[in-house]
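Have a look at the structure below, then the notes.
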Amino acid sequence: MAIGVPTFFGITFLAYLISSMAPGSPLDALLADPNINPAELERRRLELGLDNPVIIQYFTWLKEFFQGNLGYSFKTQRAVWDMIRERLGPTALLAACSVTLSLIVSIPLGIMAAARPYSRRDYLFSSLSFLMAATPNFFSGLVLIYFFAAVLRILPTGGMYDSSGIRNAAILARHLILPTLVLSFQQIGSWIRYMRGSMLEVLQEDYIRTARAKGLKRRGVILKHGLKNALIPVVTVVGMSIPSLVGGAVVTEQVFGWPGVGSLMVQSIAARDYPVIMGITVLVAFVVLMANLVTDLIYGLLDPRIRYA
Amino acid sequence: MKQRTRRLRMLVLPVAALVILVGSAAAQSAKPRVVTIAMTNAWDTMMPVNTNSNYGLLVYDQIYDRLVVTKADGSFAPRLAKSWSVNAASTAITFTLNEKATWHDGKPVTAHDVVFTAQLYSNPAVKALARYRLNYFAGTDDAGAELSPGSIAVKAEGDYKVTFTFKKPIFADTVIDQWATAFFVIPKHIFQGKTPAEINAPTLWAKPVGSGPFRYEREITGERMELVANKDYFLGAPDFDRLVIRIMPSASLLSGLISGEVDIIAGGAMGSISLDDWPTAQKQANLVTESIPTLNYQTLIINTQQPYMTQRVRQAFNMAINRRVLVDALLRGQGVALMTPISPASPYFNQKLKDIPYDPVKAAQILKEEKFPFDKELVFYVPSGNITRERTAVLIEQDFEKLGVKVRIQTVDFPTLMNNMRSGTHDFGIIGSGGTLDPAESREMVSPTSTVNFSRLTSTVLTDIIDEGAAKLTFATRKPFFDKYQEKVAELSHMPYLYTTNALMAYSKRLSNVSAVDFSRLNWRVWEWKVGN
Amino acid sequence: MPRSGVLKKTNPKSSYFADAREKFKEHRLAVFGLAVLTALVVIVVFAPMLFPLDPYTSDYFEFGTAPSAKHPLGTDAVGRDLLARLIYGGRTSLFVGLTSTLISLLIGVPLGLTAGYYRGWWETLVMRLADIFMSFPAMVLILVLVAVVGPSIWSVTVVIGILGWTQFARLVFANVLSVREKEYVESAYAIGTKDFTVLTKYILPNSIAPILISMTFRTAQAILMESSLSFLGMGVQPPMASWGNLMNEALSITVLSQKPWIWAPPGIALVLIVLSINFVGDGVRDALDPKMRI
């Protein structure tokens, strides 16, 4: 934890510094709405207190933060925490589904590829995983929307629910399918590679050879002895990708109109809405710290030699 | 025995059929009729007066009522006020309210609610970003804040008449257009006695009690809001049961319409079919499509402070823009070329003003005569976010390069654009404006003291004309000034105006009696829509 | 588990790199990747010199037309030739990919080297900084940075470059740690060799293999990042072409479903180049040391 605290300060200060360097003020962002009368902005200038130097603004923000107050958005005048809190649910849901799907697909495929390396099956899975890892989010999103929503019309083009007013798990699930697929696509590709590589390494270890020599069945050896150890680096990879799921699902959220934290971040950057930008940064920093912690804990569970000190 | 069972069967079957028929009919009518409207950005807040963004208006228009609304042709239509009159000296306006109006909790809407609303909005302790709209009224300062508690000059005369007094004689239409169409009346009996802190908190506004055609039910912030029809609405009950307002990226609007997820889009800048999608939309059998002329325009900006941008040079650039290609090829005819900020759709349009000719040869010659520095690379700032505008910039860049000039486009986001243009390092810029019926709408962009004076004018010649015209009290006395304004704009060529864009609207055939023309004036009249199946 | 077949031993006097080349050739996908990559690079670099390709001039009579003899891939919404824009877009992607990787290299390698060699507070600082950079979602940081400096090909390149140093630093750091205790390093130090010489002559060469491999993967990553940014409108700006911003038009359902010639070629090209770079990287890794963990 002591390691995490300076990191936390580092992240928040960097974020504040950088975002305040962006040219233009929140008022300028309002002009993007073509219906805004330029005259209106004159009157808002003084209210926002944007004249103070950056350092002062950062420490003001920090002080408020320690009092449990994330401040108010320049744009909507609402409490930043409220705005972020509303978006946490959809983001967490999408992230959880994406990680689950990725694990369910990549672990078995990676193991199967590693079990018979350089075989035709391995080449198939490897090529597939390379292809998936090479496809950017937005491209797979476009293709999937094209097929499933525009041509086949069996899946919705976006949003969380349909318009019937009913909000049940079935409808939500239907709306989750495409965004989850898109978000996971690239990830599955690279996780299969990791799983395969990690498994390959483990399978070359002496204790595997010993187990086989003892006469244990191949599959049992792979699954029982190899898997647990092969999973360790995978845990790292999963842990490292959690933060990017939270803040980085930006493209997916844009394409599908999914009301998550990523699209709020993009909007706030465009609006120079510093309180919200900082609020989201804090959130992401926190998630990062948590992810590292959980990763370390799981490490300890999987490998008794490593215990969280 | 067999006889009896047969007779029983003969009785049971038709009865069963009847029950099934009645049951399914009942189930059909029990299923609520839903209409879904989509827009591209979410509302900022549930406090109607505390926002500068128009996206909230779609929401407030359903839950609350304003006094008056605008129609596409520029006329005003009654909403909460069934009629109004201006006194002879043009110093006060009196609204007569519709007595049938009631709040969602049953209590009647009266003039006292109107007075209370005005006083609440003008209270400086209350957060109200749009407060400045009140600044026409006596008893307030320039920002619309009251000079002393309750000093705003509004008086109720009886339960259904209310009079507002201005600071000085003013053309009443301006006041109505700029204030009354955004004045959402809130219930006195809910907000009375609350402290400003309580009023500024979102709680009181979260489950709003309004007088409008729909009641708030619930929302997923940033994604949708669900409203239930107010069957007692005083201008007529909506023809359906639920209204869902959905937020969707603009790219998905047409696919939503095609698949039936969405019935109608909000219109104008809040949700329109893109030019690329227009031919596809028109081909859909289940959609009604309308191309609606609007006052939204795009204009080029020339930095008049650059030493080489003399008036003749600017006129030359103005002449070099191929507006016909812009309107016919890029906009596919869905728009009108402009020379000034006042479009042909406005009553103030100067019919006698000659079009600026497209003459690149003459333009190049003028540049040579003015000793224009052809080797200098001119900076052209283009804001991102509007794909048609970005494409326009690309075409204009090529128009200018045909003159032998070097132009470099820099696409930046809006705040950066504003910042850079304010620092005066640019040569060209391009921006858009919603345009209103008020011909003085462009005043801030040409005023030397304003922060949005992007063409960096230093003389007040244009603002003087505008101010004189704005001070006059009748259309006939105002028009000559705005005619002169348009002539001067063309002459100065500090901002070569480009075109207006039509709002491309599409909605499901299951809806009818939709006056889509008024959508860009932020007037939806949802209760008038008729729903098919 | 050894690969099927006997390890080929050619000339006993052959060098490490000749061996590596042999192993690379055995990796079928890598060879395929190299071929595709070479073809793409050749086309993208040389085609504009051999054929008249103009990605910037509008053909006023052909706004948004389908492929034809005059415009083999059709035209975009303002009449510019899409084939030309595709090829120039390739140049943009390659430029951003390679240059940003170079920048990451130039920042990350010295930092990693010195952190591993000198250790102490410097190591803590560098590794802490690496933690911060690595754990923060790159996309978000890039968006903010690019908003600050304004999106353009250079700002995107520099920003992606600056954010990529951690990979190289960590790699080199780990490598330095494993090598610095070795005897030849210690003896060099003992006889008074200057630090700089120790670092460059003895320690750095050890890291070349992993650096090379990381470079290929990082280039692919950078190309993907640039295309995502440009797609969002926050990367390379029109009128300059990039595969990402060419696909931006596909956000309209009409273009998506009726005009696939606009978005499919850049998308496929993107996948191909990333794929082939990754294959090559995989092959290089197998060739240099199949047991190596990156």
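Residue numbers (this note's numbering), protein chains in the order written: chain A, 6 to 314; chain B, 152 to 684; chain C, 242 to 535.
Ideal Cβ positions, reconstructed from N, Cα and C, are used throughout, including at glycine.
(1) List the residues of chain A that Ile371 of chain B touches, going by C-beta distances under 7 Å, in chain order.
(2) What in chain A is Cβ-close to Lys358 of chain B, meaning under 8 Å?
(3) For the region 428-512 of chain B, list the alpha helix (DSSP H) runs that are entirely contained and at least 4 residues long, ordered along the chain.
(4) Can you tell me whether Arg214 of chain A is helix, strand or coil according to DSSP?
(5) Within the same chain, show all residues whose beta-carbon is closer than 6 Å to that of Leu114 of chain A, passing over the 5 residues directly before and after it, in chain order.
(6) For my contact list, Arg17 of chain A and Val287 of chain A are in at a C-beta cut-off of 8 Å; report their separation, rounded to the angstrom.
(7) Does any CB atom of chain B fall closer than 8 Å to the CB of Glu210 of chain A?
(8) Listing by chain order, which chain C residues have their CB less than 7 Å from the CB of Leu141 of chain A?
(9) For Ala528 of chain C, does the count of other Cβ atoms within 10 angstroms reach 16, so buried, or fall short, so exposed?
(10) Would you say Pro11 of chain A faces chain C, with C-beta separation under 8 Å as the test?
(11) I'd like the span of the beta strand (DSSP E) that includes Tyr547 of chain C, first residue to last.
(12) Could you compute how far the alpha carbon of Val10 of chain A sits from the alpha carbon of Met375 of chain C?
(13) Counting only the same chain and skipping the five closest in sequence on each side, list residues whose C-beta sits under 7 Å from that of Ile547 of chain B.
(14) Leaving aside the five residues before and after Thr191 of chain B along the sequence, list all residues of the same chain whose C-beta is less than 6 Å from its C-beta, in chain order.
(15) Answer with buried or exposed for Ala216 of chain A, where buried requires no fewer than 16 other C-beta atoms within 10 angstroms of its C-beta.
(16) Express the C-alpha separation of Phe335 of chain B and Gly207 of chain B in angstroms, rounding to a whole number.
(17) Anyone know if the C-beta pair for Gln343 of chain B and Phe288 of chain B falls short of 8 Å?
(18) Measuring only the C-alpha atoms, how far is Val464 of chain B from Leu504 of chain B?
(19) With burial defined as no fewer than 16 other Cβ atoms inside 10 Å of the residue's Cβ, what is the status of Lys527 of chain B: buried or exposed?
(20) Report the rounded CA-to-CA distance for Asp618 of chain B versus Leu183 of chain A, giving the unit in angstroms.
(21) State whether the region 319-329 of chain C contacts the region 298-307 of chain C, with contact taken as three or more CB pairs (one from each stretch) at a distance under 8 Å.
(22) Going by beta carbon distance, what residues of the same chain come within less than 7 Å of Gln435 of chain B, once the five residues before and after it are set aside?
(23) According to DSSP, simplified to helix, strand and coil, what is Phe531 of chain B?
(24) DSSP three-state call for Pro264 of chain A: helix, strand or coil?
(25) Is the CB-CB distance between Phe520 of chain C and Phe273 of chain C below 8 Å?
(26) Please determine if the region 579-593 of chain B and the region 407-423 of chain C are in contact, where contact requires at least 3 C-beta pairs separated by less than 8 Å.
(27) In whole angstroms, what separates the C-alpha of Pro347 of chain B from that of Pro320 of chain B?
(28) Closer than 8 Å by beta-carbon distance: list the chain B residues that pair up with Ser299 of chain C, in chain order.
(29) Please report how far the alpha carbon of Arg184 of chain B lies from the alpha carbon of Tyr63 of chain A, in whole angstroms.
(30) Do Ala254 of chain A and Leu106 of chain A have their C-beta atoms closer together than 8 Å?
(31) Quick check on DSSP: helix, strand or coil for Phe135 of chain A?
(32) When you compare the CB of Asn486 of chain C with every CB in chain A, is at least one pair closer than 8 Å?
(33) Using a Cβ cut-off of 8 Å, pull out every chain C residue sitting near Tyr430 of chain B, in sequence order please.
(34) Taking CB distances under 8 Å as the criterion, tell me whether Phe377 of chain C reaches chain B.
(35) How big is the Cα-Cα spacing for Val207 of chain A and Met117 of chain A?
(36) Any idea if Met290 of chain C is buried or exposed, counting beta-carbon neighbours within 10 angstroms, 16 or more meaning buried?
So, from the data block:
(1) Met165, Pro264
(2) Correct list: empty, because the minimum Cβ distance to chain A is about 15 Å.
(3) 429-434, 462-471
(4) helix
(5) Phe130, Ile197
(6) One detail in the question is off: residue 17 of chain A reads as Thr in this sequence, not Arg. For a cut-off of 8 Å, the C-beta gap from Thr17 of chain A to Val287 of chain A is around 6 Å, short enough to register as a contact.
(7) no
(8) Sequence inspection shows Pro at residue 141 of chain A; the Leu mentioned does not correspond to that position. Result: Leu465, Ser468, Ser469, Leu511.
(9) buried
(10) yes
(11) The requested residue 547 of chain C is not part of the displayed model; chain C covers only 242 to 535.
(12) If you draw a straight line from the Cα of Val10 of chain A to the Cα of Met375 of chain C, it comes to about 16 Å.
(13) Leu451, Ile472
(14) Ser401, Gly422
(15) buried
(16) Rounded to whole angstroms, Gly207 of chain B to Phe335 of chain B spans 12 Å at the Cα level.
(17) No.
(18) 21 Å
(19) exposed
(20) 56 Å
(21) yes
(22) Ile409
(23) DSSP places Phe531 of chain B in strand when its eight states are reduced to three.
(24) coil
(25) Yes, the pair counts as a contact, with Cβ atoms nearer than the cut-off.
(26) no
(27) 32 Å
(28) Per Cβ cutoff of 8 Å: Val545, Leu546, Gln549.
(29) 51 Å
(30) no
(31) helix
(32) no
(33) The sequence given here places Pro at residue 430 of chain B; Tyr does not occur at that position. Per Cβ cutoff of 8 Å: Thr495.
(34) no
(35) 14 Å
(36) Exposed, by the Cβ-count rule.
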